[in-house]
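Trainee: Take 128 as the starting number for the sequence shown in this note's numbering and just add one per residue.
Every residue gets a Cβ at the ideal spot worked out from N, C-alpha and C, and that includes glycine.
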Amino acid sequence: MRSLTQRLVVAALVLTAASALARPSSAGDDLKVEEGYKSLFNGKDLTGWRYTPTPKASLEGKTETADGRIKVENGAIVMMEKDAKGKGGIKDLYTIEKFPKNFRLKMEFRAALKADSGVYLRGPQLQVRDYIRRNEHKHLKKFKNDGWNELDITVTNNVPTTTVNGKVVTPKDNLEVTVRDGKPEAKFNGKPVDIKKIVVEIGAIAECLCNGEKLETMRNLPTNGGVGLQAETGKFEFRRIRIKELP
């Protein structure tokens, strides 16, 4: 039979274990990062990020920016509607690291009513918003109002993009270019077009999905740059931010 002291020790250990299980993790999250991915946000602080109003000020170990506009709460980066002085406007948070290679970026976001934010991909911005209640992207049938929604973005370098009269040529289109008597001629979907209106560019593109549904294709991205998050209108939250470099 165990002594009273032994029983008390065992009881204390059980209570300690139960307490640990009941507490949320420091990151407020139980996400296991997929093989090949690395986290850009540790769930606890802003280490690895820089703030555009004060880009040289270190955020290492900080849980909020100096103006209080951006905070880390419950495992998420929270873009507050206004800063500590009651000022709003656009403010940006960027990764210190840059990503010149092909990559796949995943994260989750939660938007307050009609809130407006964005995700920067090497500079250009993908508009990320409370889409449905702003009457935007109504085709997103899986979007969750006031819930967490997943962004899945694949950036691929050196992709040719052809436009005719400013319209992107898709696989469904037919563009014919011929040379007659030394003079080039072109037809687009069977109709003659000015050869000068055909533009071919080679650059990075981003295929953007929201909850697995097509959101947008961004074209001609820069060859290098970081990932950014925007604070603009309303409260916005980001979490589970991770990236995988691709061949």
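Just to confirm, are Gln357 and Met206 a CB contact at a threshold of 9 Å?
Mentor: Taking 9 Å as the Cβ cut-off, Gln357 and Met206 qualify as a contacting pair.
Trainee: Are Ile370 and Arg231 touching if we call contact CB-CB under 9 Å?
Mentor: Yes, they are a contact pair.
Trainee: Let me make sure I understand the geometry here. Which of Met234, Asp308, Glu303 has the alpha-carbon closest to that of Val320?
Mentor: Taking only the C-alpha atoms, the option nearest Val320 is Glu303.
Trainee: How long is the line joining the alpha carbons of Arg196 and Lys209, rounded to whole angstroms?
Mentor: Straight-line Cα distance between these residues: approximately 6 Å.
Trainee: Going by the beta-carbon positions, is the gap between Leu173 and Glu191 smaller than 9 Å?
Mentor: Yes.
Trainee: Hey, out of Ala211, Arg366, Val291, whose CA is closest to Lys318's CA?
Mentor: Out of Ala211, Arg366, Val291, Val291 has the C-alpha closest to the C-alpha of Lys318.
Trainee: Does the pairing of the stretch 237-251 with the stretch 343-361 give three or more beta-carbon distances under 8 Å?
Mentor: Cβ pair count under 8 Å is three or more, so yes.
Trainee: Roughly how many angstroms separate the alpha carbons of Ala313 and Gly293, rounded to a whole number?
Mentor: Rounded to whole angstroms, Ala313 to Gly293 spans 15 Å at the Cα level.
Trainee: Verify whether the separation of the beta carbon atoms of Phe315 and Ala203 is less than 9 Å.
Mentor: No.
Trainee: Please report the distance separating the alpha-carbon of Ala193 from that of Val160.
Mentor: C-alpha separation (whole angstroms): 30 Å.
Trainee: To the nearest angstrom, how far is the alpha carbon of Val327 from that of Ile280?
Mentor: The straight-line gap from Cα to Cα measures roughly 24 Å.
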